[in-house]
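All remarks here apply to the structure that follows.
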């Protein structure tokens, strides 16, 4: 007999680091098992699995390049195999977290830069969600990740912000079309967070961190644990009636 696991089950892309890791661990503290992806750093993914198990939950790390849509059907089959091993047919939560940073002023952005950002931040979440739709339980939930940069502008972030703007529009349409299956779809838009994202600029550059603190109502940059538990809460039954929303989690940055 396959091993059993409590429902619900989450899938989190980019769960081996940063905000994705914080989300996987926050879900584990609520007893929610996760299947999460990593791009290249298997040792970091293994550390997350060990942490989740210490919380008494389960996790499986699967390698995936979310910019490679040709890999999505095989990934869906891997998901199906894990679900069967866990005694389940469907998963309940999908968090499209995986992403990369891009810096470059409008006049400097190349077509290659633009296409790379598009594949990872817009095309990837669109087609991965589409591929996984048959495995998402009715009444499930999807969280897409945007950015505070769709509301306030920082020079050099135009490409990244444009893709996140597309994610926000995509979320509205997904919520409308998946409503018949009672699947809620929302966008979470973090502000500046102290992670290794963008080369760790908010975490490691004191001048940048000071500027963020000065322009944030709560007086500091964000931390991964400001975001992961919020997403875990949004996915829970407590927020079952929240749908088609852009929820900024920035501590009041640039207000």
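In full-length UniProt numbering, the protein residues as written are 1 to 255.
Built from N, CA and C at the ideal position, the CB exists for glycine as well.
For residue i, does the count of other Cβ atoms within 10 angstroms reach 16, so buried, or fall short, so exposed?
i: residue 217; result: exposed
i: residue 257; result: Lying outside 1 to 255, the shown extent of the chain, residue 257 is not represented and no answer is given.
i: residue 38; result: buried
i: residue 40; result: exposed
i: residue 42; result: exposed
i: residue 255; result: exposed
i: residue 16; result: buried
i: residue 225; result: exposed
Just how far apart, CA to CA, sit residue i and residue j?
i: residue 3; j: residue 89; result: Bear in mind that the predicted position of residue 3 carries a pLDDT of just 43, short of 50, making it unreliable; the figure below should be weighed with that in mind. In a straight line, the C-alpha of residue 3 is about 13 angstroms away from that of residue 89.
i: residue 111; j: residue 158; result: 13 angstroms
i: residue 121; j: residue 30; result: 28 angstroms
i: residue 211; j: residue 147; result: 18 angstroms
i: residue 249; j: residue 75; result: 30 angstroms
i: residue 185; j: residue 77; result: 23 angstroms
i: residue 48; j: residue 13; result: 13 angstroms
i: residue 10; j: residue 84; result: 14 angstroms
i: residue 151; j: residue 171; result: 16 angstroms
i: residue 108; j: residue 253; result: 27 angstroms
i: residue 229; j: residue 181; result: 26 angstroms
i: residue 36; j: residue 80; result: 13 angstroms
i: residue 207; j: residue 133; result: 44 angstroms
i: residue 173; j: residue 179; result: 10 angstroms
i: residue 236; j: residue 149; result: 26 angstroms
i: residue 215; j: residue 144; result: 25 angstroms
i: residue 125; j: residue 66; result: 7 angstroms
i: residue 234; j: residue 26; result: 11 angstroms
i: residue 64; j: residue 46; result: 15 angstroms
i: residue 221; j: residue 232; result: 20 angstroms
i: residue 209; j: residue 191; result: 12 angstroms
i: residue 136; j: residue 177; result: 14 angstroms
Quick one: what's got a C-beta closer than 6 angstroms to residue i's C-beta in the same chain, skipping five residues either side?
i: residue 5; result: Residue confidence is low: residue 5 scores 48 on pLDDT, short of 50, so the model does not pin down where it sits. Its coordinate-derived value is still stated next. Cβ within range, chain order: 33, 58, 86.
i: residue 1; result: Caution is warranted here: a pLDDT of 33 is assigned to residue 1, below 50, making its placement in the model unreliable, and the coordinate value is therefore given only provisionally. None.
i: residue 69; result: 127
i: residue 219; result: 213
i: residue 140; result: 92, 183
i: residue 28; result: 52, 55, 57
i: residue 166; result: 122
i: residue 161; result: 149, 150
i: residue 106; result: 158
Excluding the 5 residues preceding and the 5 following residue i in the sequence, name in chain order all residues of the same chain whose CB lies nearer than 7 angstroms to its CB.
i: residue 104; result: 113, 156, 159
i: residue 246; result: 146, 168, 187, 189
i: residue 131; result: 72, 73, 76
i: residue 8; result: 32, 92, 93
i: residue 163; result: 117, 118, 121, 122
i: residue 82; result: 35, 60
i: residue 44; result: 16, 17, 38
Provide the residue(s) that pair with residue i in DSSP beta bridges, ordered along the chain.
i: residue 34; result: 10, 59
i: residue 105; result: Answer is none; residue 105 lacks a bridge partner.
i: residue 17; result: BP columns for residue 17 are empty, so no partner.
i: residue 47; result: According to DSSP, residue 47 bridges with nothing at all.
i: residue 156; result: DSSP output for residue 156 lists no bridge partner at all.
i: residue 95; result: 12, 143
i: residue 193; result: 222
i: residue 186; result: 143
i: residue 130; result: DSSP output for residue 130 lists no bridge partner at all.
i: residue 246; result: 187
i: residue 216; result: 253
i: residue 136; result: 91
Take residue i and list the residues in its own chain whose beta-carbon comes closer than 8 angstroms to its own, dropping the five residues that flank it on each side.
i: residue 196; result: 17, 18, 203
i: residue 223; result: 193, 194
Checking contacts by CB at 7 angstroms: is residue i closer than that to chain C?
i: residue 96; result: Going by chain labels, chain C is absent from the structure shown, which holds only one protein chain.
* Contact the stretch 51 to 63 vs the stretch 97 to 108: 3+ CB pairs below 8 angstroms -> Flag = no, the stretch 51 to 63 and the stretch 97 to 108 do not touch.
* **Touching by the beta-carbon criterion (3+ pairs, under 8 angstroms), the stretch 238 to 248 and the stretch 18 to 26** => Of all C-beta pairs linking the stretch 238 to 248 to the stretch 18 to 26, fewer than three are shorter than 8 angstroms, placing the two stretches out of contact.
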